[in-house]
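In case it helps, my numbering puts the sequence shown at residues 202 to 335.
What follows is a short report on a single structure.
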Amino acid sequence: MKVTIESLRSDILKDIADISGENVAECYQCGKCTAACPVNQAMDILPHQVLRLLQLGLVDEVMNSKTIWICASCFTCAGRCPRDVDLANVMEAVRVLLLRERGASRIKAEDMPEILRKGMPEQGIVSGFRKYAK
């Protein structure tokens, strides 16, 4: 029997799948994502553990972790995954859901220092807003 996201029966997991385009149920816990992650030492939940917690429906543990904010979104995990589960997209989806739940952002463009507004690439600014906004 193939495990599908629908069989996990969670609205939040369905939202994560819709946003990320990934099926967390595909992960079989080989640990290659964790081994490849350049920032795993700073994480409170390791990358493969994030996927396992989501598989078990323990979304609150993932949403309350530091890991989703520490993820560098470098996609090294995705390159190493034998099941083609893109964990960076899953982490981004969890951040998006958390930000939607919290509402308004803490960071406003006019609050940024002049040096960042004038000397930083636009992609970096947008990534920062997406990752560090409330």
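Glycine included, C-beta positions come from ideal geometry on N, C-alpha and C.
6 Å Cβ shell around residue i - same chain, five flanking residues per side excluded
i, result
"S221", "N290, V291 and A294"
"K233", "R281"
"L288", "C234, P248 and C278"
"S266", "D245 and I246"
Residue i: first and last residue of the uninterrupted alpha helix (DSSP H) it sits in
i, result
"M264", "V260 to M264"
"S221", "D212 to S221"
"E302", "L288 to R303"
"K233", "K233 to A237"
"L255", "P248 to Q256"
"R281", "T277 to R281"
Neighbourhood of residue i by C-beta distance below 7 Å, restricted to the same chain and skipping five residues each side
i, result
"Q230", "H249 and R253"
Same chain, Cβ closer than 8 Å to residue i, five either side skipped, listed in chain order
i, result
"I206", "Here I206 scores only 48 on pLDDT, less than 50, and its place in the model is too uncertain to base an answer on."
"D212", "none"
C-alpha gap between residue i and residue j, whole angstroms
i, j, result
"E315", "I271", "25 Å"
"R296", "M264", "8 Å"
"A273", "V286", "16 Å"
"L148", "D245", "Shown here, the chain extends from 202 to 335; a query on residue 148 therefore has no answer."
"P239", "P283", "18 Å"
"S328", "Q242", "22 Å"
"E262", "V251", "9 Å"
Integer Cβ distance of residue i from residue j, believed to fall under 8 Å
i, j, result
"T277", "A237", "5 Å"
"C228", "Q256", "7 Å"
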